[in-house]
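Q: Numbering (UniProt numbering), first residue to last: 1 to 251. Where is the CB? At the ideal position from N, CA and C, for every residue including glycine. Sending over a structure as structure tokens; questions will come in a sec.
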């Protein structure tokens, strides 16, 4: 995807088919700025755990997000923030319960689900927390800027893994809230697309992703599931609008 061509008074447009060096430079600078910005936000959240209340739906200074008031089922009354070390075991329990609630999971995959500490050391593990009770409702993991968390992602893409919702929290829109948070992280990093894998049996998750605009990427469904049943992991992607270059300032 390319950014739209802009023009300024006194500066001619490049010939048809030619890139505007100034526009390319501004776009590249903007991408670097947003990547640096999200890195600072995440580092702040990692130090502080979570921050103070922000306006409904707005990102906080530490990178967390408050869901705001609303009706049950739309993610209301929920904050998304980075996990703290003391929560690693609870998040491991949540993931095991979430995936084991509907699916049969192998011992090797159970080990992956429960290894929250290693994941949090390399990537960003987010948790959805009930504003009133402090209960952990769900979790998802994203990579830091410039890295990937799965073999699926290509350059310019942000991938995410291990989105899980506590069985008792189903029906509150937690999965949607976490996925939208992933999209916010991707935009802040200047990603052009968000991608993820999902098991063929996870039809509830497929409906959630498709409702948010994700589409299957069958040409990239090459990973075979180990163990009984086999099959290929589904691949999904959602294209994001290109990062807009800042408007030129008047002389």
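Alpha carbon to alpha carbon, what distance is there between residue 151 and residue 100?
A: Answer to the nearest angstrom: the Cα atoms are 24 Å apart.
Q: Could you check whether the Cβ of residue 135 sits closer than 8 Å to any Cβ belonging to chain D?
A: Given the protein chain composition of this structure (a single chain), no chain D is represented.
Q: Using the Cα positions of residue 173 and residue 138, report the straight-line distance between them to the nearest angstrom.
A: For residue 173 and residue 138, the distance between alpha carbons rounds to 10 Å.
Q: Can you tell me the Cα-Cα spacing of residue 147 and residue 194, whole angstroms?
A: C-alpha separation (whole angstroms): 13 Å.
Q: DSSP three-state call for residue 239: helix, strand or coil?
A: Residue 239: strand per DSSP, three-state reduction.
Q: Closest to residue 115 by CA distance: which of 158, 234, 90 and 218 is it?
A: The candidate whose alpha carbon is nearest that of residue 115 is 90.
Q: Are the Cβ atoms of residue 168 and residue 98 separated by less than 8 Å?
A: The answer is no: Cβ separation not under 8 Å.
Q: How should residue 171 be labelled, buried or exposed, when 16 other C-beta atoms within 10 angstroms of its C-beta is the threshold for buried?
A: So residue 171 ends up on the exposed side.
Q: Just the Cα atoms here: how many angstroms apart are residue 222 and residue 231?
A: If you take the alpha carbons of residue 222 and residue 231, they lie about 10 Å apart.
Q: Helix, strand or coil: which one does DSSP assign to residue 135?
A: If DSSP states are grouped into helix, strand and coil, residue 135 belongs with coil.
Q: My output table needs one value for residue 130: the three-state DSSP class, helix, strand or coil.
A: The answer is strand: DSSP assigns residue 130 an E or B state.
Q: So residue 163 packs on residue 197, CB below 8 Å; how close in whole Å?
A: That belief does not hold up - the Cβ atoms of residue 163 and residue 197 are roughly 11 Å apart, past 8 Å.
Q: Starting from residue 157, follow its DSSP beta bridges and name the residues at the other end.
A: 193.
Q: Please report the residue range of the beta strand (DSSP E) in which residue 78 lies.
A: Run containing residue 78: 78-82, per the beta strand (DSSP E) assignment.
Q: Candidates 131, 104, 235 and 239: which alpha carbon is nearest residue 184's?
A: The option with the nearest alpha carbon to residue 184 is 239.
Q: Could you tell me the boundaries of the alpha helix (DSSP H) in which residue 210 lies?
A: Looking at the DSSP string, the run of the alpha helix (DSSP H) that includes residue 210 is 203-211.
Q: Judging by CA-CA distance, which residue of 181, 237 and 205 is the nearest neighbour of residue 124?
A: Residue 181 is the option with its Cα nearest to residue 124.
Q: By how many angstroms is the C-alpha of residue 76 removed from the C-alpha of residue 213?
A: Distance between the alpha carbons of residue 213 and residue 76 is about 21 Å.
Q: Among 156, 102, 108 and 79, which one has its Cα closest to the Cα of residue 127?
A: Cα-wise, what sits closest to residue 127 is 79.
Q: For residue 164, name the three-state secondary structure that DSSP assigns.
A: DSSP places residue 164 in strand when its eight states are reduced to three.
Q: Using the Cβ count rule (16 or more neighbours within 10 Å means buried), how would you classify residue 57?
A: Below a pLDDT of 50, predicted positions are generally treated as unreliable, and residue 57, at 44, falls in that range; no measurement from the model is reported.
Q: Per DSSP, what kind of secondary structure is residue 118 in: helix, strand or coil?
A: Of the three classes helix, strand and coil, the one that applies to residue 118 here is helix, per DSSP.
Q: May I ask which residues mark the beginning and end of the alpha helix (DSSP H) holding residue 175?
A: Element bounds for residue 175: 174-188.
Q: Looking at the secondary structure, which residues open and close the alpha helix (DSSP H) in which residue 96 lies?
A: Taken as a continuous stretch (DSSP letters only), the alpha helix (DSSP H) holding residue 96 covers 88-100.
Q: To the nearest angstrom, report how far apart residue 110 and residue 96 are at their CA atoms.
A: So the alpha carbons of these two residues sit roughly 7 Å apart.
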